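In our numbering, the protein residues as written are 1 to 567. Backbone N, C-alpha and C define an ideal beta-carbon position, used for all residues, glycine too. Keep in mind the model is a prediction, meaning the values are calculated, not measured. In what follows, a single structure is set out as structure tokens and then discussed.
Structure representation (structure tokens):
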């Protein structure tokens, strides 16, 4: 019997070897809420495996057990729940066994959704403590009724929990929270109490800022002193700033700063008016006057900070080939002929100070690139493209005109749209869990939602590219002639004496991004799909009336020569 827990997965070789040998998947779950769960994982496994043996003559070596720990039954994105469907799709097992329907979910809609996904794969669903018969109308009715009852019972428990929390706050207690530097959460008193060591270090931060130090200097000092950071083993300037901006240290903790509301059919977390926040009195470390002085000093540090130059072409479209972050022009060096500007990854300026060594660790170590040479090279490429755009467009059409490729792109598009809908449903469910109190804080909610948002953004980017390529496949010679005719207008303009801002706007019409790699190569990703009149762009001599836009196409590479700069 194979037992997998948390995020454990089988290798491809293991899956291949087990095809035809695994007959059943047993799923077990306990949530973090002990008021609701009455089963241990071990007891669920024992009961389900025994039932598989007695009723279906399935031996232990024909079973895979998936253990889901501390996961709510309302969570649509449970790792092991998703893995059930993955294994079934790969041909491992024809039956999924649960102890009870509430182990599948305590939310009726999610329960129905997963049930039908398993059935659509041609597999059976079996509950030890509930007799589910797929083709029996009465059995299905009872299945849905018990799902509704489970959801109702859970909602009642939650309502009582929320009422208890409000009562706690009115009694000057805090019903659980994330850590705040300088304080310790006392579980017996249900409030924040003084952490003497961290209080001393917080006050040291305050004094250093008032004496003119910066957040980076404080982070470096704390790291050298080997003071433990709030999270992990590094001090960041942003950590110092976040602590010093927090008004909690004046002696009042505010509970209920946000609420979840329904907007356009979806739940969203929104801030509540300040007068609706609930106050909990805690030990004060500074007074209001000192806090005000502290904020002015922090604001002054921001105003006095360096500003990236605006006089460069690739603003907003340059990306670091090492880490993928934005690239801007803010680094300069002095030479005999004057100051040289460099493109530099924005993450190079963000520093982490290691508590172990006290040394600074730059987040990115990518190269710097001379602005004058990069801008000249990119602009020359754009001028060449405008002079002869049909060659590139014809190559793009040739690449995707094949009927089988178009069919494959349409299939991929439909699959991505389906995935996006599923991820959006997962995100909405997380917000529901926060509204219902099962996700305790905004920080915990953000940790759950951020990876889903990242997946959605990546899927949307891929969808945009596929959609635009499908548009190209439907283009004809007339469309290309229209495009070439439009670009004729650019050809006259680019020969004039354009300002940097005019060049920048033209570049943004034609280029998706420019990636600056460590191997001395620039990567230009053009954007072409359709041609449409959008707006007029005023230049020093003419106006541009059309732009070319669309999803990313095949990148164009070329050597940068000697335009790498100092690190």
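Whole-number beta carbon distance between residue j and residue i, since they are thought to touch under 8 angstroms
i, j, result
"residue 249", "residue 221", "Actually they do not touch by this definition, with Cβ atoms about 19 angstroms apart."
"residue 41", "residue 28", "5 angstroms"
"residue 84", "residue 96", "6 angstroms"
"residue 81", "residue 69", "At roughly 12 angstroms, the Cβ-Cβ gap does not stay under 8 angstroms, so residue 81 and residue 69 are not in contact."
"residue 366", "residue 518", "6 angstroms"
"residue 209", "residue 244", "6 angstroms"
"residue 139", "residue 133", "4 angstroms"
"residue 169", "residue 278", "5 angstroms"
"residue 233", "residue 355", "5 angstroms"
Rounded straight-line distance, which links the Cα of residue j to that of residue i
i, j, result
"residue 148", "residue 155", "10 angstroms"
"residue 327", "residue 214", "24 angstroms"
"residue 123", "residue 135", "14 angstroms"
"residue 492", "residue 508", "18 angstroms"
"residue 113", "residue 318", "43 angstroms"
"residue 102", "residue 153", "11 angstroms"
"residue 442", "residue 246", "16 angstroms"
"residue 523", "residue 405", "25 angstroms"
"residue 581", "residue 494", "Given that the chain is displayed from residue 1 to residue 567, the structure contains no residue 581 and the question cannot be resolved."
"residue 470", "residue 511", "19 angstroms"
"residue 179", "residue 185", "7 angstroms"
"residue 59", "residue 99", "18 angstroms"
"residue 48", "residue 161", "32 angstroms"
"residue 456", "residue 426", "11 angstroms"
"residue 218", "residue 289", "22 angstroms"
"residue 157", "residue 163", "10 angstroms"
"residue 412", "residue 293", "57 angstroms"
"residue 207", "residue 287", "13 angstroms"
"residue 237", "residue 513", "29 angstroms"
"residue 14", "residue 87", "11 angstroms"
"residue 4", "residue 342", "51 angstroms"
"residue 371", "residue 461", "28 angstroms"
"residue 423", "residue 434", "17 angstroms"
"residue 255", "residue 92", "48 angstroms"
"residue 7", "residue 497", "59 angstroms"
"residue 188", "residue 21", "52 angstroms"
"residue 1", "residue 94", "16 angstroms"
"residue 312", "residue 300", "27 angstroms"
"residue 459", "residue 429", "19 angstroms"
"residue 409", "residue 269", "36 angstroms"
"residue 105", "residue 111", "5 angstroms"
"residue 252", "residue 347", "35 angstroms"
Start and end residues, alpha helix (DSSP H) containing residue i
i, result
"residue 373", "371 to 387"
"residue 495", "Neither: residue 495 is in no alpha helix (DSSP H) and is coded neither H nor E."
"residue 215", "215 to 224"
"residue 67", "Element bounds for residue 67: not the alpha helix (DSSP H) but the beta strand (DSSP E), 63 to 69."
"residue 83", "79 to 89"
Three-way DSSP call (helix, strand, coil) for residue i in this model
i, result
"residue 233", "coil"
"residue 107", "coil"
"residue 172", "coil"
"residue 150", "helix"
"residue 260", "strand"
"residue 452", "helix"
"residue 583", "For the chain, the structure presents residues 1 to 567; residue 583 sits outside this window and is missing."
"residue 355", "coil"
"residue 269", "strand"
"residue 339", "strand"
"residue 197", "helix"
"residue 29", "strand"
"residue 446", "helix"
"residue 8", "coil"
Cross-strand partners of residue i (DSSP beta bridge)
i, result
"residue 516", "320 and 522"
"residue 278", "255"
"residue 345", "327"
"residue 95", "24 and 124"
"residue 51", "Looking at the DSSP assignment, residue 51 forms no beta bridge with any residue, so it has no partner."
"residue 439", "BP columns for residue 439 are empty, so no partner."
"residue 511", "526"
"residue 291", "DSSP output for residue 291 lists no bridge partner at all."
"residue 130", "127"
"residue 360", "353"
Terminal residues of the beta strand (DSSP E) in which residue i lies
i, result
"residue 14", "Counting along the chain, residue 14 falls outside any beta strand (DSSP E), though it belongs to the alpha helix (DSSP H) covering 12 to 18."
"residue 333", "327 to 335"
"residue 194", "191 to 194"
"residue 312", "Neither: residue 312 is in no beta strand (DSSP E) and is coded neither H nor E."
"residue 2", "2 to 5"
"residue 184", "183 to 186"
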